[in-house]
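Taken in order, the sequence shown gives residues 242 to 422; the numbers are from my numbering.
Ideal Cβ positions, reconstructed from N, Cα and C, are used throughout, including at glycine.
Worksheet: one structure, shown below.
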Amino acid sequence: MSFRSALAGSALAAVLATSAQAQTQAPHSHAPGSAHTPGSAHTPGHAQTADEAQVRTVVAAYKDAITRMDVSQTPALFWEDSAIFENGGVEGTFAYYLEHHLGPEFTDLAGFEFRNHQMTVEIDGDTAFVSETYTYHITFRDTAREPIERRGVATSVLRKRGDEWRFAIYHSSARPLRRAT
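This is the structure we're talking about:
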């Protein structure tokens, strides 16, 4: 097992533990003028730091690029030595993933929409652990193809180098939505 794989597993465990801990803590109040916005949950009992705001901005920029189906600026969100994992597969660096997977997929799509997006961020020094839950809806240029709806999760590790936060590890997976019968 490589160091990155072990780190990704550790990151996932840390995010899940933090998420479970946050759910058992008492409600909290925010500083004047600040509040949760949809998808912006953070650990109760603390104000959002500048680092957390920067991490959230990076994660939101990636999600927004996917929604716009314009990933031309996304390499700036990932460190060159990043590692991407998707649905049980090792995709390599983000540059490789963009060229061989993500970029080519967009040529077939008419739309990509995230719904019910929630994000949890935990920062430890120069490392941020992020977990996301969401559903997504994909439509195709070929209208004969059925749209796809999935429930997805993403866990990521962002590293701060100098004054800049970027993705070091990104893992996402999805499964079909379960419909009520």
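Give me the Cβ distance between residue 399 and residue 299, rounded to the nearest whole Å; I'm assuming they're in contact under 8 Å.
Yes, they are in contact, since the Cβ atoms of residue 399 and residue 299 sit about 6 Å apart, within 8 Å.
Using three-state DSSP, classify residue 330 as helix, strand or coil.
Here residue 330 sits in strand by DSSP.
Among the residues of its own chain, which have a CB less than 7 Å from the CB of residue 387, if the five just before and after it don't count?
Here the set comprises nothing.
For residue 409, report the span of its beta strand (DSSP E) as first-last.
Here the beta strand (DSSP E) through residue 409 covers 405-417.
Given that a residue counts as buried once 16 or more other Cβ atoms are within 10 Å of its Cβ, and exposed if not, what is residue 384?
Label assigned to residue 384: exposed.
Cα-Cα separation between residue 336 and residue 305, rounded to whole angstroms:
Cα-Cα distance, rounded: 18 Å.
Do residue 373 and residue 418 have their C-beta atoms closer together than 7 Å?
No; because the gap between Cβ atoms is not below 7 Å, this pair is not in contact.
Report buried or exposed for residue 416, applying the criterion of at least 16 other Cβ atoms within 10 angstroms of its Cβ.
Counting other Cβ atoms within 10 Å of its Cβ, residue 416 stays below 16 and is therefore classed as exposed.
Residues bridged to residue 399 (per DSSP)
Per DSSP, the beta-bridge partners of residue 399 are 369, 408.
In terms of alpha-carbon separation, which member of 356, 381, 315 lies closest to residue 407?
When each option's Cα is compared against that of residue 407, the closest is 315.
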